[in-house]
Amino acid sequence: MSGEVCFPESDLKLYLFILFLFLIYGLYVYLKSNENMSNINFTQILTREELQNKITELQDELYNTKLSDQKCQIELNSLQEQSSLNLQTKLLNKIYNPLTSPERIYPGGRINMQSYSNYQLIGFIFKDEERYPLYGRPKYAGKTDKYEYYIIDESRNRLKIPFKTRNDNELYSGDQVNIPGVGDNFQVTIYEYDTLRYDPAIF
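Anchor point for the sequence shown: position 144 equals 135 in the working numbering, and the numbering is continuous, going up by one each time.
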């Protein structure tokens, strides 16, 4: 006997495959143990004082982030209030300034414009010799198909007289409305929207 061991070729492939699996498993165990050692070493590197300093640093960053967020919110609120005041001034100019055009301001909610809920002078109603300024606003901010209206009676100490349309529908020029306590079949005239105008001097 020569001391050699013989076995079929198919068994040799099986043994090689098993050996390959053992090598893969050994490599996995080795890498996993190194990962655990790395984590342990990482935690051991930081002293108690260093950990405390790190926590303090993170707390400071969190505080500064919250402080910055509060400042941004305050600035945003201030800008919104300023915008609201500018709009209010513009709406009042439409009423009292004789040099300001009567066109109404677009209420927003479309074309990426901020919506608002202010009443504004949008036209007038008339019948025979009677004329009353017509004020309106969207019933729901951002939607312009439903409106709330009132008129002002100059002969009665600028008395505001609200009225409703059918289903709160928006009024258009040529419509007729009935005003409780004032009269029926008033004709409506609605101002156009104030839009950008072409300036031939630019081009």
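Even glycine gets a Cβ: it sits at the ideal position worked out from N, Cα and C.
- Rounded to whole angstroms, V179 and P191 show a C-alpha spacing of 34 Å.
- Secondary structure within the stretch 95 to 166: the beta strand (DSSP E) runs of 3 or more consecutive residues, fully enclosed, are 111 to 118, 121 to 131, 134 to 144, 150 to 154 (chain order).
- DSSP links Q178 through a beta bridge to F117, Q167.
- Closest in alpha carbon position to Y110, among L78, R157, F8, I15, is L78.
- One alpha carbon belongs to L82, the other to Q43, and they sit about 58 Å apart.
- The beta carbon of Y138 lies closer than 8 Å to those of G127, R128, P129, K130, T156, D159, N160, E161, L162 in the same chain, with the five residues before and after it left out.
- A distance of 7 Å or more separates the beta carbons of K85 and F177.
- I113 is positioned such that its CB atom lies no closer than 7 Å to that of D185.
- By the neighbour-count definition (other C-beta atoms within 10 Å, threshold 16), V20 is an exposed residue.
- The alpha-carbon of G174 is positioned some 18 Å away from that of N148.
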